[in-house]
Amino acid sequence: MKVNKHFKQVGDIKDRGIIKWQGMMLTEHVEMIRAWYEEDKHDAKPDLDEYDLQLLQEELVLAAQRKCQVKMKSWKDKKFHYHLGIIQQLDAYSRSIVYEDLEGMHRLPMDELVGVLIID
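Residue 360 in this note's numbering sits at position 92 of the sequence shown; the count goes up by one each step and never skips.
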């Protein structure tokens with residue numbers, strides 16, 4: 269007689285051990301575990317207070333006046349993105365920053381901006 273290693277009999281109850289849980293783990297739980305691992309890859313959005321926003325504004329205005337190279341840090345799609353270029357215009361109407369890098373002109377929304385560093 270062939271013996272099933274996952275099957276044991278305790279008294280009158282036939283227990284299948286780990287076999288009874290495999291069907292449940294293969295569908296909903298696997299999706300939840302994948303979503304949980306994917307969530308770990310996300311960066312938390314920094315909370316900027318009024319002081320931080322004031323410093324960002326001062327750095328942007330200074331960089332736009334001097335036309336020097338800046339490194340900007342933005343937060344979009346739950347990840348940080350870095351932009352390197354020269355600020356050409358601060359557009360208050362559309363709340364965006366127009367900057368130029370080696371690839372051409374780009375527009376960055378001010379709501380995504382979390383950091384500015386003047387390089388020159």
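Ideal placement from N, C-alpha and C gives every residue a C-beta, glycine not left out.
Local Cβ density within 10 Å of residue i, reported as buried at 16 or more and exposed below that
i: residue 387; result: exposed
i: residue 385; result: exposed
i: residue 340; result: buried
i: residue 338; result: buried
Whole-angstrom C-beta distance between residue j and residue i, which should lie under 8 Å
i: residue 382; j: residue 375; result: Rounded, the Cβ-Cβ distance is 17 Å, inconsistent with contact.
i: residue 356; j: residue 373; result: 7 Å
C-beta atoms of residue i and residue j nearer than 8 Å
i: residue 358; j: residue 328; result: yes
i: residue 371; j: residue 354; result: no
i: residue 342; j: residue 296; result: no
Proximity test, residue i beta-carbon vs the ligand FMN heavy atom, cut-off 7 Å
i: residue 308; result: The model depicted lacks the ligand FMN and carries no ligand whatsoever.
Whole beta strand (DSSP E) elements within the region 312-382, 3-residue minimum = You should have 337-344, 347-359, 364-369, 372-377.
Say whether the region 300-314 touches the region 327-338, bearing in mind that this needs 3 or more beta-carbon pairs closer than 8 Å, one atom from each stretch.
-> No, they do not touch.
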